Amino acid sequence: MMLGGTGIFKALFGDAFSEGESFFKMVQLTYDDEFIDQIARTHQTGKRMLIGTTHFDSGRQMIWNIGKIATSKLPNRKALIHQILAASSSIPGVFPPQFIPVKLHGQVLEEMHVDGGLSSQLFFDPAGFNFTKVTKSLGYKQPPHIYIIRNGRLKTEFKYIADDTVSLAARSVDNLILQQTRGDIFREMYITQKIGAKMFLTYIDDDYTQKPQEGKFFDPAYLKSLYQYGYDKAQKDDLWVNELPLLRSQE
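So the sequence shown is numbered by UniProt numbering: it starts at 1 and just counts up by one.
As structure tokens, then:
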């Protein structure tokens with residue numbers, strides 16, 4: 001089942017499916033054959049493109065190696081990459097889930113996948129990771145540094161919410177994700193400090209005030225402005241911090 005299919009989810013989240021169809025078409029247009037072949041070539045140089053989704057039935061985060069899929073001979077490699085990309089942004093109530101076909105004991109089943117952030121906000125979990133072994137194998141004397149890029153804010157923002165199912169669900173998930181993100185980052189900071197490693201963090205701070213245009217599915221002007229914000233911070237050597245901001249801005 002792809003975006004736009006009928007069923008109970010469309011009955012519950014009509015607006016979500018409508019926008020989900022537009023989003024999926026954008027994914028298809030962006031990740032065309034040429035782009036996927038480029039991902040495959042880049043994968044062969046040693047770089048990795050990893051994307052997380054949440055397997056909804058088990059609640060587990062799944063990490064997909066997009067480069068490996070792109071280099072594979074799978075007949076559905078293109079469609080699979082499109083579904084993974086769409087699923088990684090599928091917040092229930094905002095965008096519909098993706099149903100990815102799998103084969104188990106000769107039987108074809110469908111796994112429901114949604115946004116990977118619903119299970120964990122970070123790919124890398126240092127708990128139980130043998131930094132000493134990795135450090136020695138790489139020939140380093142100290143543990144490697146960990147850099148986390150948070151493509152979002154880490155503080156609560158006041159916002160009027162419309163009294164409808166999708167808006168309420170989206171706001172609820174936004175708040176949960178914010179708190180989960182802060183918790184995941186704090187845990188990562190604590191563990192890396194205990195093992196003698198260093199962690200560096202960057203995120204959208206209060207000094208960036210531009211907002212995306214209301215009602216616009218994607219706002220190119222906002223995205224360009226956000227890119228410039230990050231670029232300027234990097235140029236000023238003001239990109240990385242090693243502590244979480246206060247939850248609320250101080251006035």
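Yeah, the Cβ is synthetic: ideal placement off N, Cα and C, and Gly gets one too.
Being a predicted model, the structure only gives us computed values, none of them experimental.
Three-state secondary structure (DSSP) at Asn65? strand
Are there 16 or more other CB atoms within 10 angstroms of the CB of Pro97, so buried, or fewer, so exposed? buried
What number of angstroms, rounded off, separates the C-alpha of Tyr147 from the C-alpha of Gln228? 20 Å
Please report the residue range of the beta strand (DSSP E) in which Met189 lies. Not the beta strand (DSSP E): Met189 falls in the alpha helix (DSSP H), residues Thr165 to Lys194.
Please classify Ala70: is it buried, with 16 or more other beta-carbons within 10 angstroms of its beta-carbon, or exposed? buried
Continuous beta strand (DSSP E) assignments of at least 3 residues falling wholly in the UniProt domain "PNPLA" (71 to 127): Fully enclosed beta strand (DSSP E) runs of 3 or longer: 98 to 104 and 107 to 115.
Reduced DSSP category for His55 - H, G, I as helix; E, B as strand; rest coil: strand
With a Cβ-Cβ cutoff of 7 Å, do Gly59 and Ser119 count as a contact? In contact: Gly59 and Ser119 (Cβ atoms closer than 7 Å).
Using the three-state DSSP reduction, which class does Met26 fall into: helix, strand or coil? helix
Cβ neighbour criterion (16 or more within 10 Å) applied to Ala162: exposed
Are the CB atoms of Gly52 and Ile66 within a distance shorter than 7 Å? no
Do residue 257 and Tyr203 have their C-beta atoms within less than 7 Å of each other? There is no way to answer for residue 257, as the model of the chain reaches only from 1 to 251.
Taking the C-alpha atoms as reference points, what is the distance between Phe123 and Asp115? 13 Å
Apart from the five residues just before and just after Asn76, which ones in its own chain have a Cβ nearer than 7 Å to its Cβ? none
For Phe218, is the classification buried or exposed, using 16 other Cβ atoms within 10 angstroms of its Cβ as the cut-off for buried? Exposed, since its Cβ has fewer than 16 Cβ neighbours within 10 Å.
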